[in-house]
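Some notes on the structure that comes next.
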Amino acid sequence: ACGSSESGGSGSTDEEASGDEQLTIGISLPSATHGWMGALIDSAEKQAKALKESEGIDYVMTNAEDPNTQANDVDDLIAQEVDVIVMLPIESAALSPVGQKIKDAGIPLVIVDRELENDAATVVVKGDNEGIGVNAGKYFVEQLNGEGKIVEITGPPSSVTEQRGSGFKEAVASESGMEIIASQSGDFSTEKSLEVMQNILQANPEIDAVFTQDDGMALGVLQAIKEAGRTDIQFVTGAGGAKGVFEDIQNDGLMKATFLYSPTMVEDAVKIAGDIAKGEEPAEAMVVKEATQVTKENVDEYYDPESKF
Amino acid sequence: MKSRMSWLWSEYSVIIAFVIIYIGASAMNPRFLDMNNQLNILMQVSIIGIIALGMTVVMLSGGIDLSVGSVLALAGVVSVLALNASGSIWIGVLTALLVGSFAGFLNGLMVAKGRIASFIATLGMMAGARSIALYIAEGGSVSGEVSGFTAIANSDFWIFDFPVIIFFVMAVLIYVLMHKTRFGRYVYALGSNEKAAMLSAIRVDRIKIGVYTLIGTLVGIAAVIETSRLNSISSSSSGAQYELDAIAAVIIGGTRMTGGRGKIIGTIFGILILGILNNMMNLMNVSPHLQGFVKGLIIIIAVVFQKRE
Amino acid sequence: MKSRMSWLWSEYSVIIAFVIIYIGASAMNPRFLDMNNQLNILMQVSIIGIIALGMTVVMLSGGIDLSVGSVLALAGVVSVLALNASGSIWIGVLTALLVGSFAGFLNGLMVAKGRIASFIATLGMMAGARSIALYIAEGGSVSGEVSGFTAIANSDFWIFDFPVIIFFVMAVLIYVLMHKTRFGRYVYALGSNEKAAMLSAIRVDRIKIGVYTLIGTLVGIAAVIETSRLNSISSSSSGAQYELDAIAAVIIGGTRMTGGRGKIIGTIFGILILGILNNMMNLMNVSPHLQGFVKGLIIIIAVVFQKRE
Amino acid sequence: MASHPFVAMNTIEKSFNGVPVLKKVTLEVEKGEIHALLGENGAGKSTLMNILGGVHQPDNGQIFINGEEVKMADPHVSQAQGISFIHQELNMVGDLRVYENMFLGSEIRNKIGFLNVEEMCRQTREILAELGVTINPKEYVRNLATSYKQLIEISKALLHKSQLIIMDEPTTSLAEHEVSRLFVLMKNLKKSGVSIIYISHKLKEIQEVCDRYTVLRDGQLVKTDVMENENLEVITKLMVGKSISQERYVHGHEFGEVALEVEGLTSAGLFKDINFSVRQGQIVGFTGLAGDGRTELFESLFGYRKKYSGIVKVKGKPVKINHPRKALQAGMGYVPKDRKENAIIKDLSVIHNMSLSSMGNFERLGFIQGKKEQQKFQTYKEALNIKVHNPRITIDKLSGGNQQKVIIAKWLEAETDILIFDNPTQGIDVGAKQEIYQQILMLAEFGKAIIILSSEAPEVMRICHDINVMYHGEITARFTGEEASEEEIMHYATGAKREGEKIG
Ligand SMILES: Nc1ncnc2c1ncn2[C@@H]1O[C@H](COP(=O)(O)OP(=O)(O)OP(=O)(O)O)[C@@H](O)[C@H]1O
Ligand SMILES: Nc1ncnc2c1ncn2[C@@H]1O[C@H](COP(=O)(O)OP(=O)(O)OP(=O)(O)O)[C@@H](O)[C@H]1O
Ligand SMILES: [Mg+2]
Ligand SMILES: [Mg+2]
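Chains as they are written, first to last, in the working numbering: chain B, 1 to 309; chain V, 310 to 618; chain L, 619 to 927; chain R, 928 to 1431.
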């Protein structure tokens, strides 16, 4: 498995290492500060547990609040001589040297969600943050016929927010009639978005549609619009693929579309990591989870009543 | 006359700061004065407001409670589970209150009997309660399945939303508790001079436990409102950083960090100032990147205006 | 002999707690004692460790500094920009130190001259500095483009990483400052009895400004290490919650929340305890949702062990 | 004489919150004199000195040092003018060591700027030796008894080699022999040309060391004159407006049942094998030197300290007291010493301090009746002659003596059968002292059992039926009030004599 590792039995009394080769996946994720990440962590752990049961592959999981702590976590994983590492970098730039370090240690690396700036990753499983913005932008242009007043509810400042926002702005800028009249942060939180949307509704008597960067926030926005009894708003879109949003789409609510960015992408990453640990060559070096547009037409394909997210 | 003014200033400078900010906000944005907007602001501050009332009591006693946000999430998650399991709204509400007050009671025990600095005891509770909430909800959010539950936070009474009424009632109750009962008197005494309070035959430990249990109960109430408002609660993001807003409101309201001095009325105006600030930043569409700066600046200015010792 | 022991206990109970945790960790996981792992832990605590040294001084003076994480991000962002613009590593480093100490100086001014409670003054700075960092870096992260810059944090000296050496040198410097110079003496006096210090004709205001400037400078140093380690800094996530870890280390180290009493040595062991905890949770694969619980619990136990007054 | 007085304060005026505290007060102090500043509690003595020391700014008036006008903007300026100030309230930094406190603000440093600990310790030891105290200079001040803290404050002022030392009630917690040492020192200082302003409520001391005196009353200058041949009665009359007798107060009257009985009370390192009993209507005194453990003894009895063994019986019933609340329920009240730390709640109003230990008396249906509190306070204000304009202001605005009276009122309101007073007249003027003594006597006549702790032998001799003397945590002698003499008490208090068999 870990063929490139030369430190086989370097005096350590680790019984697992001395006996038959125990395979281990190291997983380094950010901490659960919002719903999507909470769901992702949960998916990762479930998948890792499943692998442990079916294949006997062990796993170690770490969570970090900031890039430096994540670098520390990865150091710990390298020190434990895990066979493969799955990492969701908090910041691409900051974790790129860390990826290099993993590569230098001869450990295969599976990157989830956010790409590194170098080629340290063996496999990348990513969603398409920019795609979310671009696809949403296209949808807006189409639905509003190139003319309308739009409100944007962003995530807290971060590269994800940046990518989704700039994709959206680019796509919308193609039409001169489209105007983003307010752009405020809902912190990836339903309650905060509710509050922020209330205030935005107050400031803007005329709104045509609302773009939110996350389904959790979209739910707050829906509530605010409902409470204010506003009828000028034609639709709201989200991102991610949360159960509550799917249900609203199914029920012909104000929610008309969302763009897939499922936290379950980490399951693929963990599975791939398991395969790599067993010595298999990964089938492809890049797995892109399309930011598929989910609307009334195709929502039933994606709806899972058991989902936690 | 002059001494009257200076008395007013020294006792209620926060009210003057409030009036200035209020006038400023009216001048900057005509929509601010809109009746709906005013009611929105009241609604938006009610949850943190209820917590800030409890925080005032804790800080008057010379302590601090950093765990409010996490305990809110935990109480919310557990109460939704109880609600769904029992189908009874009363059981759901009661569970939230019980979880909140029990967490508070534990904080009180640690501070009073364990002699742990309140900062560290409640920091531990903050990590612990969040952790348990995440564990129970598997990192995701849980939604109520009992119809009628959402009515708690979404009903009106005359023009006021129900949460605003609850906030108001709680404010009156806590005011009476602090100024008309011996509990309140003892809290002030304890915060001012713990040893002298003890030598005055006050059971300091019980008062401390009472203080933390009280804020825990208030957090439980806040959890009910928050959960009922959106019929769901997120184990990861709900309540995040509530402690900072609550503490800021208390200090803006003129309560001394070290205890013994301060007023419930001050806290109410403190929380209103924060509410107006958030509202104005959304109304004015201030860049999310700069909102922290504006908010920090105005908080500091409001505090500078206050009487110094 | 017995009194010797009780003296040791009362003065250095944190060391005993450290030894217990250390032995516990060794027993639970044989990999813990691995030389590499030990060096990793040292490296991992060095950044927060440097900040915690400054926090000890601030807390001894009776204050608190919540802004360290945000100031670290701001200093990092600005220094990377200066580095890239000038191409000179020295200018980059100097900029970080200047930004850090200037932010600290402002904190000191607010506390000493503005008579603002340190909690609120630095809370304002926390919001403000983060905000400016986000604004400058447009919410994203900035990366160094000057080769050689990463060498600062990634070089070794004998077996020790360079950041560890810096931490060690800083610890010695701060120790000398606090115990061999009158600045240190005045800090203790001020934290213990501000009025008495003032009546002894100590210029209390200057000492306060000095204290906050000192921690600001240390945060600047930490920013250099953090930035250089990953060759980039994130305006949104870098430094998140560093204040809580630093404060926890100081309190675990036995410094009194209200100032006047405590030791630099204690803080060093406090930060080591936190480092071992994080390391162990990664080694033992504690469920990510439960890590907060375990950490909170052990911090509280470590503090309970300490001498009570 | 053409030359100027060393210090001259001219027509100083000062008011706090619109209440005038000093009204055109003038004070002159010559070089090398000890000048007594006298007056009732709240007369404005400390305020006048705070103005001289740069702590407060006067509303009007000038200060001249050697004939030159000086603006005392802050303590720094005052110190630079050669003025040291021993404040009425102790201003020690508890978390620093003795020598660190002593040199705080004027540390000795070596060539590279590091603190010269050895030199500072040496000088500390030296100066303390002059006052006859041996304390380890490296001991933390928080571990010291109050009297030592006060001696350190004094030493600190001596260290500065000042030209004027202001002593605001420096002897409140000093024992007799410590006071006499201080006086020797003061006289030596005087010889070397140092001036001293001396504030005290102990008039005997004043007569012993002072050259001139100035009396203030209600913020106004009453008289300045030379001390020699002046009758104490006259000065007292100037201060309080009436004459005060120095006679023994207490009369024999019938005692009731035994109210409090203590058998074999022991706490490791603090006190051992304490036996005594107090009857209803009896006043029992405990005296001794600093560190004799009497404070710890009664803090234990009152439940503040929990680690002790022995039997405590209240009205014949054994009680287990592990919290002050239990003591209150058993019928004990306790007026602690060092009121700033132990008694007053400085953020509560005067009225609320009064009612704090007996909230039940003011409650109806669980709510506090503010009016009732106020009425009750009015009666105490008259009975104890508490001087306060507005009882809703916080208690820290009152002068020390009036604060003490409020604390006594607090325990009177609690209506306990047993009352323990620890240093009840600390820092209290002669007039108020007499009022407090009379209150105590009246309480005894009502049948309360009273215990008085005091380091002043004359005090216990004047008001106690029985006197216990303590030494190193043990009761070494027991006298009746009539048979006691100051000299005898001193013998037992210093351990020169002990009377084992009589105490049992
Ligand atoms: N900071 C203050 N604010 C308001 N009033 C004050 C303040 N300091 C003193 N006073 C008032 O000024 C008057 C004089 O007080 P001062 O302390 O000078 O009296 P004193 O003569 O020293 O009395 P004592 O013998 O009790 O020490 C008192 O009525 C007191 O209540
Ligand atoms: N918190 C403490 N820690 C350690 N030692 C203490 C503490 N408090 C008091 N002591 C010591 O106990 C002894 C008794 O002190 P205490 O202040 O009770 O004396 P006292 O009899 O009340 O005298 P006085 O009232 O005249 O000052 C002293 O030696 C003192 O140093
Ligand atoms: Mg005085
Ligand atoms: Mg006095």
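For glycine and all other residues, C-beta sits at the position ideal for the given N, C-alpha and C.
CB contact below 7 Å: residue i versus chain R
| i | result |
| --- | --- |
| V:Ala-510 | yes |
| V:Ser-322 | no |
Reference residue i; option with closest CA among the options
| i | options | result |
| --- | --- | --- |
| R:Gly-980 | R:Gln-1305, R:Met-1094, R:Asn-968 and R:Leu-1311 | R:Met-1094 |
| R:Ile-1126 | R:Leu-965, R:Gln-1330, R:Asn-1280 and R:Glu-1290 | R:Leu-965 |
| L:Met-728 | L:Glu-861, L:Ser-719 and L:Thr-740 | L:Thr-740 |
| L:Phe-775 | L:Arg-874, L:Met-661 and L:Ile-709 | L:Met-661 |
| R:Glu-1409 | R:Gly-1212, R:Tyr-1067 and R:Lys-1083 | R:Gly-1212 |
| R:Asn-937 | R:Glu-995, R:Pro-1385 and R:Lys-1324 | R:Glu-995 |
| R:Ile-1416 | R:Glu-1184, R:Asn-1395, R:Val-1185 and R:Leu-1101 | R:Asn-1395 |
| V:Ile-359 | V:Gly-563, V:Gly-568, V:Glu-552 and V:Phe-602 | V:Glu-552 |
| R:Glu-1413 | R:Val-1357, R:Ala-1384 and R:Cys-1391 | R:Ala-1384 |
| R:Met-1286 | V:Phe-471, V:Ile-425 and V:Gly-493 | V:Gly-493 |
| R:Gly-1260 | R:Gly-1040, R:Leu-1275, R:Val-1020 and R:Ser-1284 | R:Ser-1284 |
Short CB-CB distance (under 7 Å) between residue i and chain V
| i | result |
| --- | --- |
| L:Ala-735 | yes |
| B:Ser-189 | yes |
| L:Ser-749 | yes |
| R:Thr-1051 | no |
| L:Phe-720 | no |
Residue range of the beta strand (DSSP E) that includes residue i
| i | result |
| --- | --- |
| R:Tyr-1261 | 1259-1262 |
| R:Gln-989 | 987-992 |
| R:His-962 | 961-966 |
| V:Gly-562 | Segment: none, V:Gly-562 is in no beta strand (DSSP E) and carries neither H nor E. |
| B:Ser-193 | Careful: B:Ser-193 lies outside any beta strand (DSSP E), inside the alpha helix (DSSP H) at 190-203. |
| B:Gln-184 | 177-185 |
| R:Met-1286 | Taken as a continuous stretch (DSSP letters only), R:Met-1286 belongs to no beta strand (DSSP E), as it is neither H nor E. |
Interface flag, residue i vs chain L, CB-CB below 7 Å
| i | result |
| --- | --- |
| V:Arg-570 | no |
| B:Ser-43 | no |
| R:His-1250 | no |
| R:Asn-1018 | yes |
| R:Gln-1330 | no |
| V:Ile-542 | no |
Chain C within 7 Å of residue i, Cβ atoms only
| i | result |
| --- | --- |
| R:Pro-1263 | Chain labels in this structure do not include chain C; the protein chains are B, V, L and R. |
Residue i, enclosing alpha helix (DSSP H) - first and last residue
| i | result |
| --- | --- |
| R:His-1104 | 1103-1118 |
| B:Asp-268 | 265-277 |
| B:Glu-130 | 129-143 |
| L:Gly-746 | 736-754 |
| B:Tyr-302 | 299-302 |
| R:Lys-1088 | It is not in any alpha helix (DSSP H) - R:Lys-1088 carries neither H nor E in the DSSP assignment. |
Neighbour flag for residue i against chain B, beta carbons, 7 Å
| i | result |
| --- | --- |
| L:Leu-692 | no |
| V:Pro-339 | no |
| L:Gln-662 | yes |
| V:Pro-597 | yes |
Those residues which DSSP pairs with residue i across a bridge
| i | result |
| --- | --- |
| R:Phe-1406 | R:Ile-1394 |
| L:Ser-761 | L:Ser-850 |
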